[in-house]
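Same order as they appear, the protein sequences are chains A, B, C and D.
Okay, so the first sequence: first residue is 1 according to this note's numbering, each after it adds one.
Okay, so the second sequence: first residue is 155 according to this note's numbering, each after it adds one.
Okay, so the third sequence: first residue is 309 according to this note's numbering, each after it adds one.
Okay, so the fourth sequence: first residue is 463 according to this note's numbering, each after it adds one.
Number of protein chains: 4
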Amino acid sequence: MTRIHVPIALRWSDLDAYGHVNNARMLTLLEEARIEVFWRGRGASATPLPELHIDEGAQSLIARQEVEYLAQIPHLRDPLDVQLWIGALGGASLDVCYEVCSPEGAEPHVVFARAMSTLVLVDEQTGRPRRISDRERALWGPYLEEPVAFRRRS
Amino acid sequence: MTRIHVPIALRWSDLDAYGHVNNARMLTLLEEARIEVFWRGRGASATPLPELHIDEGAQSLIARQEVEYLAQIPHLRDPLDVQLWIGALGGASLDVCYEVCSPEGAEPHVVFARAMSTLVLVDEQTGRPRRISDRERALWGPYLEEPVAFRRRS
Amino acid sequence: MTRIHVPIALRWSDLDAYGHVNNARMLTLLEEARIEVFWRGRGASATPLPELHIDEGAQSLIARQEVEYLAQIPHLRDPLDVQLWIGALGGASLDVCYEVCSPEGAEPHVVFARAMSTLVLVDEQTGRPRRISDRERALWGPYLEEPVAFRRRS
Amino acid sequence: MTRIHVPIALRWSDLDAYGHVNNARMLTLLEEARIEVFWRGRGASATPLPELHIDEGAQSLIARQEVEYLAQIPHLRDPLDVQLWIGALGGASLDVCYEVCSPEGAEPHVVFARAMSTLVLVDEQTGRPRRISDRERALWGPYLEEPVAFRRRS
Numbered sequence: 001m002t003r004i005h006v007p008i009a010l011r012w013s014d015l016d017a018y019g020h021v022n023n024a025r026m027l028t029l030l031e032e033a034r035i036e037v038f039w040r041g042r043g044a045s046a047t048p049l050p051e052l053h054i055d056e057g058a059q060s061l062i063a064r065q066e067v068e069y070l071a072q073i074p075h076l077r078d079p080l081d082v083q084l085w086i087g088a089l090g091g092a093s094l095d096v097c098y099e100v101c102s103p104e105g106a107e108p109h110v111v112f113a114r115a116m117s118t119l120v121l122v123d124e125q126t127g128r129p130r131r132i133s134d135r136e137r138a139l140w141g142p143y144l145e146e147p148v149a150f151r152r153r154s
Numbered sequence: 155m156t157r158i159h160v161p162i163a164l165r166w167s168d169l170d171a172y173g174h175v176n177n178a179r180m181l182t183l184l185e186e187a188r189i190e191v192f193w194r195g196r197g198a199s200a201t202p203l204p205e206l207h208i209d210e211g212a213q214s215l216i217a218r219q220e221v222e223y224l225a226q227i228p229h230l231r232d233p234l235d236v237q238l239w240i241g242a243l244g245g246a247s248l249d250v251c252y253e254v255c256s257p258e259g260a261e262p263h264v265v266f267a268r269a270m271s272t273l274v275l276v277d278e279q280t281g282r283p284r285r286i287s288d289r290e291r292a293l294w295g296p297y298l299e300e301p302v303a304f305r306r307r308s
Numbered sequence: 309m310t311r312i313h314v315p316i317a318l319r320w321s322d323l324d325a326y327g328h329v330n331n332a333r334m335l336t337l338l339e340e341a342r343i344e345v346f347w348r349g350r351g352a353s354a355t356p357l358p359e360l361h362i363d364e365g366a367q368s369l370i371a372r373q374e375v376e377y378l379a380q381i382p383h384l385r386d387p388l389d390v391q392l393w394i395g396a397l398g399g400a401s402l403d404v405c406y407e408v409c410s411p412e413g414a415e416p417h418v419v420f421a422r423a424m425s426t427l428v429l430v431d432e433q434t435g436r437p438r439r440i441s442d443r444e445r446a447l448w449g450p451y452l453e454e455p456v457a458f459r460r461r462s
Numbered sequence: 463m464t465r466i467h468v469p470i471a472l473r474w475s476d477l478d479a480y481g482h483v484n485n486a487r488m489l490t491l492l493e494e495a496r497i498e499v500f501w502r503g504r505g506a507s508a509t510p511l512p513e514l515h516i517d518e519g520a521q522s523l524i525a526r527q528e529v530e531y532l533a534q535i536p537h538l539r540d541p542l543d544v545q546l547w548i549g550a551l552g553g554a555s556l557d558v559c560y561e562v563c564s565p566e567g568a569e570p571h572v573v574f575a576r577a578m579s580t581l582v583l584v585d586e587q588t589g590r591p592r593r594i595s596d597r598e599r600a601l602w603g604p605y606l607e608e609p610v611a612f613r614r615r616s
């Protein structure tokens, strides 16, 4: 298992009028997890996160996203355990997979959501897709595993 | 074609630091379009929207969402034309499909995103899924057409 | 009375877990009202808004804001009536005043909030404050009236 | 000096199209700081925060807020150091004061904003203001100091 565990703290304002984390806000939480891993790479937790930095001069665009909501997320004191890995490496794109779980160590263990984001690497100057570099491929390879399995998909 | 055209106004705060509508915010725009049609049913545009109201005593939960981002959305003066229809009617769930388009009448016509949300109807008292009623099925039937076709899907 | 009436539509996601418009979101609503008047100047309502455009090449920064919350705002179908005027014109700054009211024509008439934002005009190139131009002063003068009166202020 | 130092992590989505923390989002950051101190009371930092819990059965409403923006906040890796204290204790209300500072230990030390929120304690059942209890007054007293000094105020 080569998943990266990214602790993501909730804010009270992530809740909507039903008192649960809003469905759209889920994508913001995933965005924070990606930034920690691909852009910031710092250890926000005691265990430092691996640094899967994208090469300088490139940007990543979101081409598609898919989220399966399995259980509603209440306001939690401790950070969610967002488990992140790479489900596919294409020529200029990659699929980032996630399981959004209850805080590490919490009982019972709950998987609140499963998700996937397809990122396309784009040259900052030209704005055009550019191939994943050898450096990136070497860095990301160890975190490549089976893509997330969605339960319901028409 | 039985799509419902819902005008959805952007806010400046929908933009992120890249100056485009944020990927997570897209789900908020779709949420607004759903509310107009399934909960509010009022005419925000000159042409009143059809009222596809869910029966009293029920709530809808989002079970899954899928978004394909085709073009970045800048700050637009005029409301987006969110085209909404029903892609599938199950026992207790329905797939709401969307194409997020440039403002009606704008040239060139741009499809910024395609998306689908699976909603599960839930009894407000028990919190459990409940079957789509005959009234709802009659109301929603005319807006049932082929589900949105996503270009890239692994 | 020289107040500008800016219709500002609520979104369901403006509500927080208490089911009312969140206190922070109030500033987003005021931001939208300012953009309509100072940047966009278009008629979002049947009655076109006056266009109090800032000169090209300048930006406005928020130096301070003050909000008095008088009543909680529920989810409203119709746009809030944000009444906006200018409470002071300084050398390089201006105070924008607001009363956030129930939708036009709604009974009873409710003032949900009173607020004031101090804007500083800044040259886009240099990033430094620049004086209000004669053109701007002529444009804004007619909307200058007594600043908003706050009830409680320590 | 009896200020409470609350570490508040930024999210990338706190930035607006100008690439700085949005002015409205500032109130969300202050809200998080208040929740840490008055509701959650846990130690998010190595040094546990004092727990200034409001009595059970009460809620706090925001009656007014004032923010002075001194410097724009970029995207920061480390949490902001939100310094929080009590500027006034009334019968049923209190003024919470803040200085929003650069991360602890960062050089140079920057005060990004000063702010104050007036909270009114409300009985959850009746919805009516209720007096600060002896327990609360004893708890909050040690954090009472001079209210924040705003530079510009008309």
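Using N, Cα and C, we set each Cβ at its ideal position, and we do this for glycine too.
- Straight-line measurement puts the Cα of residue 134/A at about 14 Å from the Cα of residue 121/A.
- If the five residues before and after residue 218/B are omitted, its C-beta is found closer than 6 Å to the C-beta atoms of 272, all from its own chain and listed in chain order.
- When secondary structure is reduced to three states using DSSP, residue 493/D falls in the helix class.
- The DSSP-derived three-state label of residue 324/C is coil.
- The Cβ-Cβ distance between residue 497/D and residue 546/D does not fall below 8 Å.
- Distance from the CA of residue 488/D to the CA of residue 100/A, rounded to the nearest whole angstrom, comes to 27 Å.
- Listed along the chain, the chain B residues whose CB falls inside 9 Å of the CB of residue 475/D are 170, 171, 176, 178 and 179.
- When the beta-carbon positions are compared, residue 76/A and residue 6/A stay at least 8 Å from each other.
- Looking at the DSSP output, residue 315/C shares a beta bridge with 389/C.
- Residues are counted here when their Cβ sits less than 7 Å from a Cβ of chain C; for the stretch 208 to 233 of chain B these are 231, given in chain order.
- Residue contact check for residue 9/A against chain D: a CB pair falls below 8 Å.
- Ranking 245/B, 263/B, 278/B and 216/B by CA distance to the CA of residue 236/B puts 263/B first.
- In the structure shown, the three-state DSSP call for residue 206/B is coil.
- Listed by position along chain A, the residues whose Cβ is nearer than 8 Å to that of residue 566/D form an empty set, because the closest Cβ is around 15 Å away.
- With its beta carbon less than 8 Å from one in chain B, residue 118/A belongs to the interface.
- Judged by DSSP in its simplified three-state form, residue 299/B adopts coil rather than helix or strand.
- Residue range 265 to 277 is occupied by the beta strand (DSSP E) that includes residue 267/B, with no alpha helix (DSSP H) assigned at that position.
- By the neighbour-count criterion, in which 16 or more other beta carbons inside 10 Å mark a residue as buried, residue 241/B falls on the buried side.
- Taking C-beta atoms under 8 Å as the contact rule, residue 376/C and residue 460/C qualify, at a distance of about 7 Å.
- Here residue 306/B carries a coil assignment [DSSP, helix/strand/coil].
- Just so you know, the alpha carbons of residue 433/C and residue 471/D end up roughly 31 Å apart.
- A residue is called buried once 16 or more other Cβ atoms fall within 10 Å of its Cβ, and residue 518/D, having fewer, is exposed.
- At least one CB atom of chain B sits nearer than 8 Å to the CB of residue 31/A.
- Residue 132/A and residue 103/A have their alpha carbons spaced roughly 33 Å apart.
- Listed in chain order, the non-local C-beta contacts of residue 324/C below 7 Å within the same chain comprise 330, local neighbours out to five positions each way being set aside.
- In this structure residue 143/A is buried. Its beta-carbon is surrounded by 16 or more other beta-carbon atoms within 10 angstroms.
- DSSP places residue 447/C outside any beta strand (DSSP E); the residue lies instead in the alpha helix (DSSP H), whose first and last residues are 442 to 448.
- Collapsing the DSSP output to three states places residue 498/D in a helix.
- The beta carbon of residue 445/C sits closer than 7 Å to those of 397, all from its chain and outside the five residues before and after it, given in chain order.
- Assigned with DSSP and collapsed to three states, residue 128/A falls in coil, not helix or strand.
- Under DSSP, residue 401/C shares a beta bridge with 428/C.
- Residue 145/A and residue 94/A have their C-alpha atoms roughly 12 Å apart.
- The beta carbon of residue 460/C sits closer than 8 Å to some beta carbon of chain D.
- In summary, residue 107/A is exposed, with fewer than 16 beta-carbon neighbours lying within 10 Å of its beta-carbon over all protein chains present.
- For a cut-off of 8 Å, the C-beta gap from residue 51/A to residue 474/D is around 17 Å, too long to register as a contact.
- Under a 10 Å Cβ-count criterion, residue 585/D is classified as exposed, with fewer than 16 other Cβ atoms of the shown protein chains found around its own Cβ.
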